[in-house]
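Novice: Below you'll find the structure I mean.
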Amino acid sequence: MKISNIVSAAAIFLLLWCMACEENPFDPNKWSTLSHEGFVLKWRVQDSNLEVELKGPSTGWIAVGFAGSYGMHDSNIIIGYVNGSSVSIRDDFGIDSDTHVSDTDLQGGEQNVSGKSGSEDSGVTTIFFTIPLDSGDLYDNALSEGQSYNIVLACAADGADNFASGYTTITNTSIKI
Ligand SMILES: [Ca+2]
Ligand SMILES: [Ca+2]
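Residues 1 to 177 (my numbering) are what the sequence shown spells out, left to right.
This is the structure we're talking about:
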């Protein structure tokens, strides 16, 4: 066997090995992904937290809500928008199927989102954030790894860089944490 063939074989082996690594289902750092009606949600459990990346089809606000019922109702909603270099992300709660308010405005509620960042490109907003699996806040529904939960995905009209505008898209689905 020529040296060049050995090098090629080694390169292919390494490539396949690396690809297999990325697909390792036991990798604790692995992200789960859901694509649903123009949204892409990625999440992973890290220690006692849930790390989340949400992409939504709007240059206005986008939101994901965890463990509610229909629409936004009773959902722990994390809503965010990007305006130039400014990223705003807020910890909300769905008080009915289409109304969300800041946890801070609810009695005993507090903001429990960390690691906030985001970007906007080609009509798509992306936000990153971390929430505790169980913040202890009445307005953040406790989550357990391995369980499935109803979620809500929503966004506002393009350019609605605020938390007050109504949604133009809202959809419910479910994920396994
Ligand atoms: Ca909260
Ligand atoms: Ca909340």
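In this text, a Cβ means the ideal position worked out from N, Cα and C, and glycines have one as well. If you're wondering where the values come from, they're calculated on a predicted model, not measured in any experiment.
Is the segment 102-112 touching the segment 27-46, taking contact as three or more C-beta pairs under 8 Å?
Specialist: The segment 102-112 is not in contact with the segment 27-46.
Novice: Any heavy atom of ligand 1 inside 7 Å of the beta-carbon of Asn141?
Specialist: No; taking the cut-off as 7 Å, the Cβ of Asn141 has no heavy atom of ligand 1 nearer than that.
Novice: Is Ser114 near ligand 1, judged by its Cβ being under 7 Å from some heavy atom?
Specialist: It does not: the Cβ of Ser114 is nowhere closer than 7 Å to a heavy atom of ligand 1.
Novice: Measuring straight from C-alpha to C-alpha, what distance separates Asp92 and Ala142?
Specialist: Distance between the alpha carbons of Asp92 and Ala142 is about 14 Å.
Novice: Just to confirm before moving on: does the CB-CB distance between Ser58 and Lys42 stay below 8 Å?
Specialist: No, the Cβ-Cβ distance between Ser58 and Lys42 is not below 8 Å.
Novice: Note down, in chain order, each residue of its chain lying with its Cβ closer than 6 Å to the Cβ of Gly159, except the 5 sequence neighbours on either side.
Specialist: Contacts found: Thr59 and Gly60.
Novice: With a cut-off of 8 Å, do at least 3 Cβ pairs link the segment 145-161 to the segment 78-86?
Specialist: The segment 145-161 is in contact with the segment 78-86.
Novice: Is it right to say Glu37 is buried, meaning 16 or more other beta carbons lie within 10 angstroms of its own, or is it exposed?
Specialist: Result: exposed.
Novice: Does DSSP put Thr173 in a helix, a strand or coil?
Specialist: Here Thr173 sits in strand by DSSP.
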